[in-house]
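Number of protein chains: 4
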Amino acid sequence: MTDTVKDGELILLYQDPRRHWIARAGEGRFHTHRGYLDLKDIIGLTPGTIVKTSLNQSLFVFKPGLSDLVDSFDRPTQILYPKDIGYALYRFGLKNGDTVIEVGTGSGALTASIAQCIAPDGRVYTYENRKEFSRSAQKNLAKTGLSRLVTFRNIDPTESFLERNADAAVIDLGDPWKMVQPAWDALKGGGILAGFTPTVNQLEKLAEALRNNGFLIFEAVELLVRDFKTEAGKVRPESRMIGHTAYVTIARKISRKE
Amino acid sequence: MTDTVKDGELILLYQDPRRHWIARAGEGRFHTHRGYLDLKDIIGLTPGTIVKTSLNQSLFVFKPGLSDLVDSFDRPTQILYPKDIGYALYRFGLKNGDTVIEVGTGSGALTASIAQCIAPDGRVYTYENRKEFSRSAQKNLAKTGLSRLVTFRNIDPTESFLERNADAAVIDLGDPWKMVQPAWDALKGGGILAGFTPTVNQLEKLAEALRNNGFLIFEAVELLVRDFKTEAGKVRPESRMIGHTAYVTIARKISRKE
Amino acid sequence: MTDTVKDGELILLYQDPRRHWIARAGEGRFHTHRGYLDLKDIIGLTPGTIVKTSLNQSLFVFKPGLSDLVDSFDRPTQILYPKDIGYALYRFGLKNGDTVIEVGTGSGALTASIAQCIAPDGRVYTYENRKEFSRSAQKNLAKTGLSRLVTFRNIDPTESFLERNADAAVIDLGDPWKMVQPAWDALKGGGILAGFTPTVNQLEKLAEALRNNGFLIFEAVELLVRDFKTEAGKVRPESRMIGHTAYVTIARKISRKE
Amino acid sequence: MTDTVKDGELILLYQDPRRHWIARAGEGRFHTHRGYLDLKDIIGLTPGTIVKTSLNQSLFVFKPGLSDLVDSFDRPTQILYPKDIGYALYRFGLKNGDTVIEVGTGSGALTASIAQCIAPDGRVYTYENRKEFSRSAQKNLAKTGLSRLVTFRNIDPTESFLERNADAAVIDLGDPWKMVQPAWDALKGGGILAGFTPTVNQLEKLAEALRNNGFLIFEAVELLVRDFKTEAGKVRPESRMIGHTAYVTIARKISRKE
Numbered sequence: 012m013t014d015t016v017k018d019g020e021l022i023l024l025y026q027d028p029r030r031h032w033i034a035r036a037g038e039g040r041f042h043t044h045r046g047y048l049d050l051k052d053i054i055g056l057t058p059g060t061i062v063k064t065s066l067n068q069s070l071f072v073f074k075p076g077l078s079d080l081v082d083s084f085d086r087p088t089q090i091l092y093p094k095d096i097g098y099a100l101y102r103f104g105l106k107n108g109d110t111v112i113e114v115g116t117g118s119g120a121l122t123a124s125i126a127q128c129i130a131p132d133g134r135v136y137t138y139e140n141r142k143e144f145s146r147s148a149q150k151n152l153a154k155t156g157l158s159r160l161v162t163f164r165n166i167d168p169t170e171s172f173l174e175r176n177a178d179a180a181v182i183d184l185g186d187p188w189k190m191v192q193p194a195w196d197a198l199k200g201g202g203i204l205a206g207f208t209p210t211v212n213q214l215e216k217l218a219e220a221l222r223n224n225g226f227l228i229f230e231a232v233e234l235l236v237r238d239f240k241t242e243a244g245k246v247r248p249e250s251r252m253i254g255h256t257a258y259v260t261i262a263r264k265i266s267r268k269e
Numbered sequence: 012m013t014d015t016v017k018d019g020e021l022i023l024l025y026q027d028p029r030r031h032w033i034a035r036a037g038e039g040r041f042h043t044h045r046g047y048l049d050l051k052d053i054i055g056l057t058p059g060t061i062v063k064t065s066l067n068q069s070l071f072v073f074k075p076g077l078s079d080l081v082d083s084f085d086r087p088t089q090i091l092y093p094k095d096i097g098y099a100l101y102r103f104g105l106k107n108g109d110t111v112i113e114v115g116t117g118s119g120a121l122t123a124s125i126a127q128c129i130a131p132d133g134r135v136y137t138y139e140n141r142k143e144f145s146r147s148a149q150k151n152l153a154k155t156g157l158s159r160l161v162t163f164r165n166i167d168p169t170e171s172f173l174e175r176n177a178d179a180a181v182i183d184l185g186d187p188w189k190m191v192q193p194a195w196d197a198l199k200g201g202g203i204l205a206g207f208t209p210t211v212n213q214l215e216k217l218a219e220a221l222r223n224n225g226f227l228i229f230e231a232v233e234l235l236v237r238d239f240k241t242e243a244g245k246v247r248p249e250s251r252m253i254g255h256t257a258y259v260t261i262a263r264k265i266s267r268k269e
Numbered sequence: 012m013t014d015t016v017k018d019g020e021l022i023l024l025y026q027d028p029r030r031h032w033i034a035r036a037g038e039g040r041f042h043t044h045r046g047y048l049d050l051k052d053i054i055g056l057t058p059g060t061i062v063k064t065s066l067n068q069s070l071f072v073f074k075p076g077l078s079d080l081v082d083s084f085d086r087p088t089q090i091l092y093p094k095d096i097g098y099a100l101y102r103f104g105l106k107n108g109d110t111v112i113e114v115g116t117g118s119g120a121l122t123a124s125i126a127q128c129i130a131p132d133g134r135v136y137t138y139e140n141r142k143e144f145s146r147s148a149q150k151n152l153a154k155t156g157l158s159r160l161v162t163f164r165n166i167d168p169t170e171s172f173l174e175r176n177a178d179a180a181v182i183d184l185g186d187p188w189k190m191v192q193p194a195w196d197a198l199k200g201g202g203i204l205a206g207f208t209p210t211v212n213q214l215e216k217l218a219e220a221l222r223n224n225g226f227l228i229f230e231a232v233e234l235l236v237r238d239f240k241t242e243a244g245k246v247r248p249e250s251r252m253i254g255h256t257a258y259v260t261i262a263r264k265i266s267r268k269e
Numbered sequence: 012m013t014d015t016v017k018d019g020e021l022i023l024l025y026q027d028p029r030r031h032w033i034a035r036a037g038e039g040r041f042h043t044h045r046g047y048l049d050l051k052d053i054i055g056l057t058p059g060t061i062v063k064t065s066l067n068q069s070l071f072v073f074k075p076g077l078s079d080l081v082d083s084f085d086r087p088t089q090i091l092y093p094k095d096i097g098y099a100l101y102r103f104g105l106k107n108g109d110t111v112i113e114v115g116t117g118s119g120a121l122t123a124s125i126a127q128c129i130a131p132d133g134r135v136y137t138y139e140n141r142k143e144f145s146r147s148a149q150k151n152l153a154k155t156g157l158s159r160l161v162t163f164r165n166i167d168p169t170e171s172f173l174e175r176n177a178d179a180a181v182i183d184l185g186d187p188w189k190m191v192q193p194a195w196d197a198l199k200g201g202g203i204l205a206g207f208t209p210t211v212n213q214l215e216k217l218a219e220a221l222r223n224n225g226f227l228i229f230e231a232v233e234l235l236v237r238d239f240k241t242e243a244g245k246v247r248p249e250s251r252m253i254g255h256t257a258y259v260t261i262a263r264k265i266s267r268k269e
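Residue numbers (my numbering), protein chains in the order written: chain A, 12 to 269; chain B, 12 to 269; chain C, 12 to 269; chain D, 12 to 269.
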């Protein structure tokens, strides 16, 4: 049976690597810089079909994957990049049924990515003390259909997380070392902690806090991703690339020395 | 309730980043270069605990994550690296319930990783025409508890895959361009194709085949990951790193021009 | 004795890493986006002094190094980057008295850099068949004071260079494989050839031509350079970087098999 | 006139990228793992010629460039890499006649490279307080024919360099921040300082010292170089690469604020 675009469904309109948008099939018009599209006209289409705007600009219609949706999130804060999220999630080994703590929620990019990994039976508890960020993240999550797997906590967990025996804890905020002790308390034995830190100094302080508070550091890495042009006879890396986002630290809870 | 090591369970024995092993709690001894461990003694331990070998070497006991298990797979072929697998899986947006085709199975590293993403309700169909590889991969998968999600096909799909309407197709073999047409037939509209190619020439030929056979290339990238030393006051990248594994190409099925 | 700015001398006016200019001490005014500077006022200053524009913008006055001058060259073509030039020149081992052939001249960036290496007794013969490029390069070279070491040849050397027994040959044009045979004829035994190629396909064809025409490839490399922020407590790589310029191939002339 | 190998001259015997040696034409035998070579037999050969060992191993005979000689230096300390040396030298804009201070001498790799840049009329003053290093470096320099351009100072310049009005100062030791004040005193206005630091923490402390002591930081960079395989149809980066050597900081002396 063919899988077609339904009324009310989110779709990816794709022009080229730099110009693509998320829209909702149904009422209204979608405006591009080269004409508009009646969003009713895409209902019933097979994904991968080309549609034309009023000014004859071609757009591909796709069902968005999670990373397409995350790309479209409102971003009150710096968003993590796919290279960092993908690597960390794989290294976590998250799976259906796991319980994960996250702080801070930020735009919800990582929240959504974790939620998809632990679906359908796991749960993400995500902490964010800035009210407007938490609200924005909840709106973002709603687009992904993963909200039911997420508990939003609009509080500051510096002293303690409410959870215990969690499988993993993800720390993505400016002073991650403050969350190391609360994370130790909230994780089960051998539980995984991941921290994302933009500067080397933050990396150093986080690593120090981990070593001093019952964690074994498995790795601290940076990832670089480079896009390639692939036209026949002209293969080469793109001239510009992202030089830095964040260092990713992965550790596991160990028994404290008494 | 605490989560302890059960009799018969696979565990990760961790000495340092370069020395760690998968063993099974229960009967027998595990030998390291510095003494042995009675595997019965680890039953009932809390993960994260330190055990000592007969020669007093400390080892941490953890429950292995999927990437720990994959690290321990028998590898008849070159294995993909976590940086590549993690990125590709995230870009795929695989989720519970998806149907994925893979060729070739190789050691099953990618097979297992995909299986965990589409659990508990999805399915992976993996093709491998070399009998001994297929058998080795099945043994590897058995360690991960994910075998029930995987159908192994010990045949050559150069002419056609048996599946239709698949969500994604993953191509990891030496002449990926041969699988582009079969993948198009097997994918649903907008379905995702990912190819892993070690050489630039393979990348070029794959890209050409995709453009000529009903696919839109979303990206072709290479990822670099660099480990960091994190000792206080001596933070710096490791002196050596992996310089290259494979290029990752991600494309989506589009309607063919008639 | 202190080294001060002389009338008529080129100087570097430096505001920050992105805003710096070459100007000539003496007559006239230098205009920035924040006020102007009387160029007479900088005569007699010690380099490293701060001057103020009419709108109180601070600018440092320095004597420009060669790479500062090269940065300011008119560039009809893509310019090579310091990372590539510096590496190649060091690998060449060029020294006072050497004879070097270059094709094409382009903006003269590499020409000037080579000339400085072989000063005061060597010579650079640089070929460029596009008249306007050759003229522009000659103007650029005049700024550096190195013109007397350079012979400009506004001809196409595809068939043959005029020189013999050269120490090194540098090829920086779109179809470098065409120059391999002429370079072999022009170099002394063991002489060095360097090629700069933006695409992998050009690299491949150049390498093939070298292997088939009496050269031994010493290395083919790409260089990446990443800038760092160094503010105390916030050390980290810059967010953006140049992802690719060119591959650098270095080979040496060997005796042909007869 | 052809340039042949002279009696007593240093030559490069080249088997492949990993196996190459410096030897002296003349008396004696050179032993490889596959037979020996009578060093008298290479006198009179044209560079680029193949010679055979007693066991028929082919070796190319070349005249060594400076970086070939530097590769062969005895190394009591970590040696800098061509990527770092080449970049720094190019950024310095060193030229014939310049005066350069260096600390510490180490193996003399950088000393030799600087000396070649400032030949025939410049001078390098190089400081090394460890007697055996200074002696080893002098022996290394002797191989390059550049000794007459270098003054070796076997003293600790922490308090002060003996020179004044130098064009450039190069700092390559563990606590470079200690040399910032002495370098300021020794440099002319606008003079260039370069520091090589293996760890981020050293980079941070050096940068801080520069900002506080009359220097303007032009850049702090790291360079990565990646080797490529270039066989036709199999082009790709080598699997392993050097992940890190040192950060290169380049600054210029400015007038101090009073």
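No residue lacks a Cβ here, since even glycine has one placed at the ideal position from N, Cα and C.
Under a three-way DSSP split, which group does residue i fall into?
| i | result |
| --- | --- |
| leucine 80 of chain B | helix |
| glycine 202 of chain C | strand |
| valine 16 of chain C | coil |
| threonine 155 of chain B | helix |
| isoleucine 129 of chain D | helix |
| tyrosine 258 of chain D | strand |
| arginine 237 of chain D | strand |
| phenylalanine 172 of chain A | coil |
| alanine 197 of chain A | helix |
| threonine 208 of chain A | strand |
| glutamate 269 of chain B | Its pLDDT being 44, under 50, glutamate 269 of chain B is placed unreliably in this model, and the coordinates cannot settle the point. |
If residue i sits next to residue j, beta carbons under 8 Å apart, how far is it from one beta carbon to the other, in whole angstroms?
| i | j | result |
| --- | --- | --- |
| asparagine 223 of chain A | tryptophan 195 of chain A | Asparagine 223 of chain A to tryptophan 195 of chain A, Cβ: 11 Å. No contact. |
| isoleucine 265 of chain A | phenylalanine 172 of chain A | Contact flag wrong, Cβ pair sits at about 19 Å. |
| leucine 184 of chain C | glycine 115 of chain C | 5 Å |
| glutamate 233 of chain D | arginine 237 of chain C | 5 Å |
Give me whichever residues DSSP pairs with residue i in a beta bridge.
| i | result |
| --- | --- |
| methionine 252 of chain A | C:Met252 |
| tyrosine 92 of chain B | Paired residue(s): none; tyrosine 92 of chain B is not in a bridge. |
| tryptophan 32 of chain B | B:Leu24 |
| serine 69 of chain D | D:Lys63 |
| histidine 42 of chain A | A:Tyr47 |
| lysine 264 of chain D | D:Phe226 |
Compare the beta carbon distance of residue i and residue j with 9 Å and say whether it is the shorter of the two.
| i | j | result |
| --- | --- | --- |
| serine 83 of chain C | tyrosine 101 of chain D | no |
| proline 187 of chain B | phenylalanine 207 of chain B | yes |
| glycine 156 of chain A | proline 58 of chain B | no |
| glycine 76 of chain C | isoleucine 203 of chain D | yes |
| leucine 56 of chain B | arginine 35 of chain B | no |
| arginine 175 of chain C | phenylalanine 226 of chain C | no |
| serine 65 of chain B | glycine 104 of chain A | no |
| isoleucine 53 of chain A | valine 81 of chain A | no |
| arginine 164 of chain B | threonine 122 of chain B | no |
| asparagine 107 of chain D | proline 131 of chain D | yes |
| proline 209 of chain D | alanine 257 of chain D | yes |
Would you check if the segment 239-256 of chain A and the segment 212-221 of chain B touch, i.e. whether three or more CB-CB distances between them fall below 8 Å? With a cut-off of 8 Å, the segment 239-256 of chain A and the segment 212-221 of chain B count as touching, because enough Cβ pairs lie within range.
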